[in-house]
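Here the numbering used here is used: the first residue of the sequence shown is 315, the next is one more, and so on.
C-beta atoms are modelled at their ideal positions from N, C-alpha and C, and glycine is treated no differently.
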Amino acid sequence: MQALSDDTFRRVSEIMYEAIGLSFSQSKKPLISSRLASRIHKIGLPSFEAYVDLLEDHNQAAEFQMAVDLLTTNETYFFREPKHYDLLEQELLRRKDRGPLAVWSAASSFGDEAYSTAMLLSDMQRKGQLGPDWSILGTDISHRVLLSAAEGIYPQDRLRHVPQEQMHRYCLQGEGPATGQVMMQQSLRAHVRFGQLNLTKSFEGLGPFDVIFLRNVLIYFDTPTKIAVVDRVLATLRPGGLFFMGTAEGRVPCKTRLEPLIPGAYRKAA
């Protein structure tokens, strides 16, 4: 199969940008080439050009979703950026009421972030620091990762930062053929639900939320799309609510007034 040409790379980039806001610089060309090549070979197409023709066919929605899955990185693990969870606990302890609490993991990938948060909130509930009415919504553009998240089964290495006490309380250890895998307890999963959502499209009616995680997804968007996405997400956050981004993502690209707390963590202005 011939190499991915500049023209075909441009077509892929335009398709992904128009559909879901993904923005690929020229430096991403080798990544796109390597990720699509194996898929193209598997389905028996002769070239990158033929595959892009397939993606432009509106009757090939399933293949388009497959391409989205291949071109978005979903590397994650439990309790990533632990200072965010420490801050969340501290802020929740300052709440004057223990009424309903709604959390949104807006780029939830395989669900590691959502279940990490659920462990923290469940612990706080056990200690009487949080009421029983709390829920977590995890959304992602990838249908494949959401199916995995809903199952709640993970390689044990992904939970390497989970304290042993929480492992025993919230996780079932696999045995036999499932050795090395961990399943989230049903009591934890009952508080978490997952759904597919495109952050670059309207999601009017969602929320309101008290806490929103939007971590490690903005890297895929250009600046205008970042601003639009963040402001749209923040519109679902209650005044005084907490907003988390990846600490490596820099300054928050938005027009909404936010109070910085620690790197990657903010409070929405009241």
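Rounded Cβ spacing between residue i and residue j (contact assumed at less than 8 Å)
i	j	result
A549	H398	Wrong, their Cβ atoms sit about 22 Å apart, outside the cutoff.
A432	H505	5 Å
G555	I526	7 Å
F523	A463	Contact doesn't hold; Cβ gap of about 18 Å is too wide.
L513	V543	5 Å
F393	S430	5 Å
D545	T570	5 Å
F413	D447	One detail in the question is off: residue 413 reads as Gly in this sequence, not Phe. About 7 Å separates the two Cβ atoms, so the contact holds.
A584	L572	With a Cβ gap of about 11 Å, A584 and L572 do not count as contacting.
F508	S422	7 Å
L415	L444	7 Å
S361	Q316	6 Å
Proximity winner among the options, relative to residue i (alpha-carbon distances)
i	options	result
R409	A463, A432, A351, M438	M438
V382	C485, G452, G509, I329	I329
E563	E573, P396, V531, H372	V531
E363	S327, L406, I450, R529	S327
S449	G442, E465, Y534, G521	G521
S501	R483, E518, S516	R483
D311	M315, V417, S339	The structure shown has nothing for residue 311, since the chain only spans 315 to 584.
L551	E389, W418, F323, Q316	W418
D321	I354, K343, M315	K343
R325	M315, Q316, S337	S337
S319	Y365, Q404, D400, D426	Y365
Local conformation of residue i per DSSP, three classes
i	result
V366	helix
V382	helix
A416	strand
I357	coil
E332	helix
R325	helix
V476	coil
P490	Checking the displayed sequence, the identity of residue 490 turns out to be Gly instead of Pro. Correct three-state label for G490: helix.
K397	helix
L551	strand
M438	helix
M315	coil
R409	coil
L344	With the sequence shown as reference, residue 344 is identified as Pro, and Leu is not the correct amino acid for it. In the structure shown, P344 sits in a helix (DSSP, three-state: H, G or I).
D371	coil
Y534	helix
I541	helix
H459	Reading off the sequence, residue 459 comes out as Val, not His. Three-state result, V459: helix.
R565	coil
Y391	coil
L520	coil
Paired residues, beta bridge with residue i - DSSP
i	result
V506	I450
V525	V417, L556
A579	F558, I576
P469	Q495
C485	M498
Min CB distance residue i to chain B below 7 Å
i	result
S361	Although the question refers to chain B, the structure presented lacks it and comprises just one protein chain.
At a cut of 8 Å, does the region 378-396 reach the region 322-341 through at least three beta carbon pairs? yes
Per the contact definition of three or more C-beta pairs closer than 8 Å, is the region 484-502 in contact with the region 462-475? yes
Do the region 556-567 and the region 345-356 meet, that is, are 3 or more Cβ pairs less than 8 Å apart? The region 556-567 makes no contact with the region 345-356; the number of CB pairs closer than 8 Å stays below 3.
Quick test of the definition: if touching needs 3 or more C-beta pairs under 8 Å, does the region 450-458 touch the region 483-491? no
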